Amino acid sequence: MSSIQPQRTFVEDLLAPRRASASPWLTWHSLSGERIELSGRVFDNWVAKSANLLSDLFDLDEESTVVIDLAPHWKSVVLALAALHHGATLVDAEHSDAAHAALWISSEPNDERIPASSEILAVNPAALALSFGSDLGPVAEDFNASVRSYGDQFYPSAVASSATALAATGGSAMTLNELFGSSVPARGTILVRAQQPLLTLLPYLVSQWAAGDAVVLVEDGVEVTERLREGERISFDYEPAS
C-alpha cells in the first residue's frame, strides 16, 4: 500500500474563486466603532502578504507549530489562513504543544507564557496602526510595520491533506482535509459574533466561505442593531453549538 498522502493547496483553493471579486468577503465591526470591509480581492491580498512575511521571517512549513494567541478579528483570521498556506499546525496558547511552538503570534509580545525557544510576531489589532507601538519588546517582529512591504501574491506549495491544521485545547484536532473539506449550504451574508476562541470559529468561517457566503464578524460586546443588520444585509446568524 502506498504511503504517499494526497496533497493540495488548501488555502489557495478557498481563496482563488473570489480573488478578483470586489464584493465583501469579511466585514469587521469593533467596539471602538471601526468598520473594516475586505472584498475577496483585498482579503486575498492580506493573506498573501502575511504568508510571504511568515515565509521570509520565520520559514514556516508542515513541521511548524504556530500559536495564534489572538481573539477573533480580521487580522487574526488573515494570519491563521496565511500560516495554513504553509501547512503549519495552529494551536491556542493553552495547548500542550504551545511550549514547543516555532512561532507565537500575539498582541502581548512580552507575555511570560511565551517560551524562550519561540519566535514572536506582535500584532496591534487597530486598523490604522502602522506599527505595534513602544512595548514591542526586544525580540518580537512587528507585523504592522512589516506586512505592507510584502507582495500581494503568494505562490503556495501543495501540502499533505493529512497534516494537522489546528488543535484547540479541549477539542479534537482537525487535518487540513477535514478543515477545508466540509460541504455546507450557502446562507448569504452571515453574522458571526466573536464570542468563541478563534480556532473554534475558524472551521465555521472556512466552510461558509467555501459555500460562497460573506461574513460579518462583530467584536464581542458590539450591539447588533437593526440598522447594522439592514446595512450589512444579514441573512443568517451563526449560533454556536451548545
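According to the working numbering, the sequence shown holds residues -17 to 224 in order. Beta carbons are placed, not taken as given, at the ideal position from N, Cα and C, and that holds for glycine. Keep in mind it's a predicted model, so treat the numbers as computed, not measured.
Cα-Cα separation between residue i and residue j, rounded to whole angstroms
i, j, result
"A30", "G152", "31 Å"
"P107", "A140", "30 Å"
"Q(-11)", "E160", "13 Å"
"A193", "T146", "22 Å"
"W10", "L(-3)", "18 Å"
"R23", "S5", "8 Å"
"A84", "V48", "6 Å"
"G15", "M156", "34 Å"
"T182", "A150", "7 Å"
"L184", "D74", "12 Å"
"P222", "D38", "36 Å"
"G119", "F25", "29 Å"
"N92", "W86", "11 Å"
"S128", "D117", "16 Å"
"N27", "Y132", "10 Å"
"Y137", "E201", "32 Å"
"E101", "A122", "7 Å"
"A104", "Q177", "22 Å"
"V206", "R0", "27 Å"
"E(-6)", "S21", "16 Å"
"L158", "E19", "27 Å"
"V95", "A111", "Note that residue 95 is Arg in the sequence shown here, rather than Val. Cα to Cα, the separation comes out at about 25 Å."
"V174", "G203", "12 Å"
"T(-9)", "H67", "7 Å"
"R130", "D43", "22 Å"
"G170", "L210", "16 Å"
"A125", "D195", "It is worth fixing the name first, because residue 125 is Phe in this sequence and not Ala. Roughly 28 Å between the two C-alpha positions."
DSSP state of residue i mapped onto helix, strand, coil
i, result
"L66", "helix"
"D74", "coil"
"R130", "helix"
"D(-5)", "helix"
"E19", "strand"
"E123", "strand"
"L52", "coil"
"L35", "helix"
"D26", "helix"
"F114", "coil"
"V166", "coil"
"L42", "coil"
"R95", "coil"
"A108", "coil"
"A231", "The chain is shown from -17 up to 224; residue 231 falls before or after that span and cannot be answered."
Minimum Cβ-Cβ distance from residue i to chain D less than 8 Å
i, result
"N106", "The structure shown contains no chain D; it is built from a single protein chain."
Beta-bridge pairing of residue i - partner residues as DSSP gives them
i, result
"W10", "I18, L199"
"R(-10)", "V141"
"W86", "V49, I102"
"L148", "L72, M156"
Cβ-heavy atom distance, residue i to the ligand GDP, below 7 Å
i, result
"A62", "No copy of the ligand GDP appears in this structure; indeed no ligand is present at all."
Review point. Counting only runs that start and end within the segment 169 to 223, where is the alpha helix (DSSP H) found for 4 or more residues in a row?
Key: Runs found: 180 to 192, 208 to 214.
Check your understanding: Does the segment 162 to 169 touch the segment 49 to 62, meaning 3 or more C-beta pairs lie closer than 8 Å?
Key -> No, the segment 49 to 62 does not touch the segment 162 to 169.
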